[in-house]
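**Student:**
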Amino acid sequence: MLLPQNIVAVVTDNDGNDARDVQQRYSRYTAQPNISVHVGEDATYKTLEPQLFKVNGLTDLNAVLGQSHRTDTALLDYMSKHKTDCALAIFESDQTVTMPSYITEAIDAVS
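Shown next, in the form of structure tokens:
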């Protein structure tokens, strides 16, 4: 049960939809002052993997993930097929990984 004092920040993919449409889908919940929904603004970057790629680039993500992909498409394909491995590599990395702004906004909302 959600208690009134709980702060909830929902992070979701845009799945190619306009961020406003995604926000609207959850408006029933975000009408509550303690609930917020955070979604990537650019609909051409549909999921977390391309959103991460957008803010970090090929060279940095290859280094973090221990990969040597030569093209954006190849790295994104790898990331999409190895989501858990990529998440763990990012978590365990000593290198700085920039998070998309909607992720940091969600973290700030609950901090």
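Counting from 7, one number per residue, gives the positions in the sequence shown under our numbering. Note that the Cβ used here is the ideal one computed from N, Cα and C, for glycine as well.
Applying the criterion that 16 or more other CB atoms from any shown protein chain within 10 Å of the CB defines a buried residue, is residue 116 buried or exposed?
**Tutor:** Reading the sequence shown from its first residue, position 110 is the one you call residue 116. The residue is exposed, with fewer than 16 neighbouring Cβ atoms inside 10 Å.
**Student:** Are the beta-carbon atoms belonging to residue 45 and residue 29 less than 8 Å from one another?
**Tutor:** In the sequence shown, the residue the question calls residue 45 occupies position 39. In the sequence shown, the residue the question calls residue 29 occupies position 23. Yes, Cβ-Cβ distance for residue 45 and residue 29 is below 8 Å.
**Student:** Near residue 47, what residues of its chain come up, given a Cβ to Cβ distance below 6 Å and the 5 sequence neighbours on each side ignored?
**Tutor:** Locating residue 47 in the sequence shown gives position 41, where the first residue counts as 1. Closer than 6 Å at Cβ, skipping near neighbours: 25.
**Student:** Could you tell me the distance, in whole angstroms, from the CA atom of residue 34 to the CA atom of residue 42?
**Tutor:** For the purposes of this step, residue 34 is taken as the residue at position 28 of the sequence shown. For the purposes of this step, residue 42 is taken as the residue at position 36 of the sequence shown. Rounded to whole angstroms, residue 34 to residue 42 spans 11 Å at the Cα level.
**Student:** Which residues does DSSP list as the beta-bridge partners of residue 18?
**Tutor:** Here residue 18 refers to the residue found at position 12 of the sequence shown. DSSP lists 45 as partners of residue 18.
**Student:** With distances taken between CB atoms, is the gap from residue 103 to residue 109 smaller than 8 Å?
**Tutor:** In the sequence shown, counting from the first residue as 1, residue 103 sits at position 97. In the sequence shown, counting from the first residue as 1, residue 109 sits at position 103. Not a contact, by the Cβ cut-off of 8 Å.
**Student:** Let me check understanding here. Comparing Cα to Cα, which of 83, 52 and 12 lies closest to residue 23?
**Tutor:** As a first step, residue 23 is located in the sequence shown; it is residue number 17 there, counting from the start. With distances taken between Cα atoms, residue 23 lies closest to 52.
**Student:** Run through DSSP, which three-state label would residue 34 get?
**Tutor:** Position 28 of the sequence shown, counted from the first residue, corresponds to residue 34. Residue 34: helix per DSSP, three-state reduction.
**Student:** Can you list, in chain order, the residues of its chain whose CB lies under 8 Å from that of residue 78, leaving out five sequence neighbours each side?
**Tutor:** Within the sequence shown, the letter at position 72 stands for residue 78. Correct list, in chain order: 59 and 64.
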